[in-house]
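Visitor:
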Amino acid sequence: AGVIKSAKFSKDKRYLIVHLLKDHMFSVKNREMHEFVVVRLIGRRLNTMKILLDFDKDTEIYYEISNEVPPYRIPYLYVIYGINIMIVSLITGQVVNKYDYSEVIA
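Numbered per the numbering used here, the sequence shown spans residues 1209 to 1314.
#1: Identify every run of the beta strand (DSSP E) within the segment 1244 to 1283, keeping only runs that are complete inside it and at least 3 residues long; order them along the chain.
#2: Measuring straight from C-alpha to C-alpha, what distance separates residue 1259 and residue 1228?
#3: From this set, 1274, 1223, 1298, which residue's C-alpha is nearest residue 1249's C-alpha?
#4: Which residues in the same chain have their Cβ closer than 7 Å to the Cβ of residue 1274, if we skip the five residues on either side of it in sequence?
#5: For residue 1310, does the three-state DSSP call read helix, strand or coil?
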């Protein structure tokens, strides 16, 4: 169980992302789990996937959904936390890249 933080549709309305805040699975007090439930409409059926990301407690999380990016037509979830960006594939649920901008800003 968790608390629903927010929900967003992609611009093309093919993806719905529900952002849930959950207690950490190992009961670590200074960490919390953010679950993104991805609901995708494929033809006449729905496909769902869960993406679990672990962050420091009380970290502000912002996210956006990209359209399907050519050439492979893969959509991505962009998660912004602090001065970092994490890019997650909405097809595989895997983190494909992380960017830490602390050195750029310092």
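Even for Gly, the Cβ is constructed at its ideal location relative to N, Cα and C.
Guide: On the basis of the supplied data:
#1: 1253 to 1264, 1269 to 1273
#2: 10 Å
#3: 1223
#4: 1283, 1284, 1286
#5: helix
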